[in-house]
Amino acid sequence: MIDTIIQKMKACWLVALTTLGIQGAWAQQDSLRIRLDSLLQAPMFETSQVGVMVYDLTADSVYYQHNARQMMRPASTMKLVTAITALDRLGGGYDFRTRLYHTGVIVNGRLNGDLYCVGGFDPMVTRDDVQAMVRQLHQLGVDTLKGHIYADCSMKESVDYGEGWCWDDDNPRLKPLMIGRKDTFLDTFVEELFNDSIYVEQIELGEGHCPANAILAVQQSHSMDQVLQRMMKMSDNYYAEAMFYQIAASTGRRMAKASDARGVVKQLISRLGLGSQPYKIADGSGLSLYNYVSAELETMLLRYAWLHAHVYDHLYPALPIAGVDGTLEKRMTKTLAEGNVRAKTGTLTGISSLAGYCTAENGHQLCFSIINQGVMRGTDGKNFQDSFCRVLCGEKPEQQAAQPRRGKRR
1149 MIDTIIQKMK ACWLVALTTL GIQGAWAQQD SLRIRLDSLL QAPMFETSQV GVMVYDLTAD
1209 SVYYQHNARQ MMRPASTMKL VTAITALDRL GGGYDFRTRL YHTGVIVNGR LNGDLYCVGG
1269 FDPMVTRDDV QAMVRQLHQL GVDTLKGHIY ADCSMKESVD YGEGWCWDDD NPRLKPLMIG
1329 RKDTFLDTFV EELFNDSIYV EQIELGEGHC PANAILAVQQ SHSMDQVLQR MMKMSDNYYA
1389 EAMFYQIAAS TGRRMAKASD ARGVVKQLIS RLGLGSQPYK IADGSGLSLY NYVSAELETM
1449 LLRYAWLHAH VYDHLYPALP IAGVDGTLEK RMTKTLAEGN VRAKTGTLTG ISSLAGYCTA
1509 ENGHQLCFSI INQGVMRGTD GKNFQDSFCR VLCGEKPEQQ AAQPRRGKRR
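Residues 1149 to 1558 in my numbering are what the sequence shown lists, from first letter to last.
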């Protein structure tokens, strides 16, 4: 009888303690939401807008949202859309290639035929790569050339700029055979032929399509991870557009179009269950003023990446780390967000955005998207995003008040 009473008393205590724990957790969650709500009362929102979503990946549920479905210009957080689509479509083992083909035959070191330098829109091509290609050609036994040298740029459509790019910006030209963003590949190639003591007879330069019966001589390549690192850490627009056209080329078109890439992105959006939303996908970098997405879309894409290792294992290491590197190197320093938040930044005139991952105070993994619109001072948007992330990471109001504001940020 006494044992039974003791067991009942223990059970009651356990129920009471569990209830208190749940109530404490609820109170903590409510307190966090109240602090996030308070940030939205800032004077800046009298003249600007913001779309926000926070998703608790551990609990697999939406944690917080505000204007999450509003259509907004993402600026460079558009690179997240491009990167996640590319990784899902192409895989982390994908390579960006530049190839050298030849026609004709090699007899006694002499190539009687034409060379075709076939661009694959590798944004990382340097003079060193051209030197390596010439060196490999020489190692195949070629010491004399007689014929034409062609640049084959048929990998993509001939447009040089993205849809909706501002004409007066210093934008990169979108050609698939470049060196350091300059259209100097053929000239550099010929220079390196002479430097490597390959004799050139009556050579002519031009553009042309590599014939189907041409023979692959050599190729140079850079990995998906190499391209992702600069594209995401430094927010490189040229690298992002190169990635966008790899997505386009995966559809099998010989001259890939931006519209092909848009189609693949929209396929992924449909798989997320968001295909009915009126998103506008214009380019891969976020430079275009025609891009319109939502905080919900970016957050759901981040969730998709987190659920799929073939995407997440390559995306996560490429994201800027708060207070450590990339475009977040000087943001959120000496706070709980430093080293915790990994996110892609975005900045255009009137636009500031941030989307990525962090770990909450309770150990839960979160993903989030914050898109500020109509902010005439970029620092206002960045300060809001930094404060928001610091709250997500567990900082209390008194800790935020003690943190000095920085004037100049990236």
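For every residue, glycine included, the Cβ atom is placed at its ideal position computed from N, Cα and C. These numbers were taken from a predicted model, which means no experiment stands behind them.
Residue i versus residue j - alpha carbon distance
i, j, result
"residue 1188", "residue 1519", "13 Å"
"residue 1238", "residue 1395", "7 Å"
"residue 1400", "residue 1216", "35 Å"
"residue 1342", "residue 1369", "23 Å"
"residue 1542", "residue 1509", "5 Å"
"residue 1574", "residue 1532", "The first residue shown for the chain is 1149 and the last is 1558, placing residue 1574 beyond what the model contains."
"residue 1429", "residue 1439", "5 Å"
"residue 1321", "residue 1333", "14 Å"
"residue 1290", "residue 1268", "24 Å"
"residue 1247", "residue 1455", "35 Å"
"residue 1539", "residue 1249", "56 Å"
"residue 1494", "residue 1463", "17 Å"
"residue 1528", "residue 1197", "12 Å"
"residue 1415", "residue 1261", "43 Å"
"residue 1418", "residue 1220", "19 Å"
"residue 1207", "residue 1444", "17 Å"
"residue 1433", "residue 1292", "43 Å"
"residue 1484", "residue 1537", "9 Å"
"residue 1423", "residue 1472", "36 Å"
"residue 1521", "residue 1361", "53 Å"
"residue 1212", "residue 1448", "13 Å"
"residue 1231", "residue 1257", "44 Å"
"residue 1172", "residue 1374", "With a pLDDT of 41 at residue 1172, under the threshold of 50, the modelled position of this residue cannot be trusted; read the value that follows with caution. Going from the Cα of residue 1172 to the Cα of residue 1374 covers about 45 Å."
"residue 1345", "residue 1281", "14 Å"
"residue 1186", "residue 1201", "15 Å"
"residue 1308", "residue 1330", "12 Å"
"residue 1366", "residue 1446", "40 Å"
Integer Cβ distance of residue i from residue j, believed to fall under 8 Å
i, j, result
"residue 1479", "residue 1530", "7 Å"
"residue 1474", "residue 1382", "6 Å"
"residue 1515", "residue 1450", "4 Å"
"residue 1427", "residue 1441", "5 Å"
"residue 1379", "residue 1227", "6 Å"
"residue 1340", "residue 1404", "Contact doesn't hold; Cβ gap of about 28 Å is too wide."
"residue 1431", "residue 1354", "Not quite, the Cβ-Cβ distance comes to about 30 Å (not below 8 Å), so this is no contact."
"residue 1501", "residue 1223", "5 Å"
One or two residues paired with residue i in a DSSP bridge
i, result
"residue 1493", "1502"
"residue 1101", "The first residue shown for the chain is 1149 and the last is 1558, placing residue 1101 beyond what the model contains."
"residue 1516", "1202 and 1504"
"residue 1327", "1330"
"residue 1263", "1250 and 1297"
Closest residue to residue i among the options (Cα-Cα distance)
i, options, result
"residue 1496", "1435, 1458, 1184 and 1366", "1435"
"residue 1264", "1302, 1543 and 1306", "1302"
"residue 1294", "1251, 1306 and 1528", "1251"
"residue 1481", "1535, 1323 and 1204", "1535"
"residue 1328", "1437, 1470, 1477 and 1387", "1387"
"residue 1460", "1499, 1235 and 1242", "1235"
"residue 1297", "1337, 1379 and 1279", "1337"
"residue 1470", "1441, 1504 and 1451", "1504"
"residue 1272", "1285, 1245 and 1284", "1245"
"residue 1259", "1487, 1209, 1190 and 1350", "1350"
"residue 1300", "1279, 1323, 1330 and 1213", "1323"
"residue 1524", "1499, 1254, 1306 and 1367", "1499"
"residue 1266", "1190, 1278, 1256 and 1255", "1278"
"residue 1512", "1280, 1448, 1203 and 1406", "1203"
"residue 1254", "1275, 1284, 1288 and 1270", "1288"
"residue 1286", "1242, 1347, 1544 and 1223", "1347"
"residue 1314", "1182, 1502, 1465 and 1437", "1437"
"residue 1397", "1182, 1284 and 1242", "1242"
"residue 1458", "1517, 1389, 1421 and 1233", "1233"
Collapsed DSSP secondary structure at residue i in the structure displayed
i, result
"residue 1346", "coil"
"residue 1226", "helix"
"residue 1336", "helix"
"residue 1207", "coil"
"residue 1595", "The question about residue 1595 has no answer, for the chain in this structure spans 1149 to 1558."
"residue 1385", "helix"
"residue 1357", "coil"
"residue 1527", "helix"
"residue 1295", "strand"
"residue 1187", "helix"
"residue 1474", "helix"
"residue 1221", "coil"
"residue 1301", "coil"
"residue 1428", "strand"
"residue 1352", "strand"
"residue 1314", "coil"
"residue 1171", "Residue placement at residue 1171 is poorly supported in this model, since its pLDDT is 41, which falls under 50; the coordinates still yield a value, given next. Looking at residue 1171 - three-state DSSP - the assignment turns out to be helix."
"residue 1455", "helix"
"residue 1541", "coil"
"residue 1238", "helix"
Interface flag, residue i vs chain C, CB-CB below 9 Å
i, result
"residue 1340", "Annotation note: the requested chain C is absent from the structure, which comprises a single protein chain."
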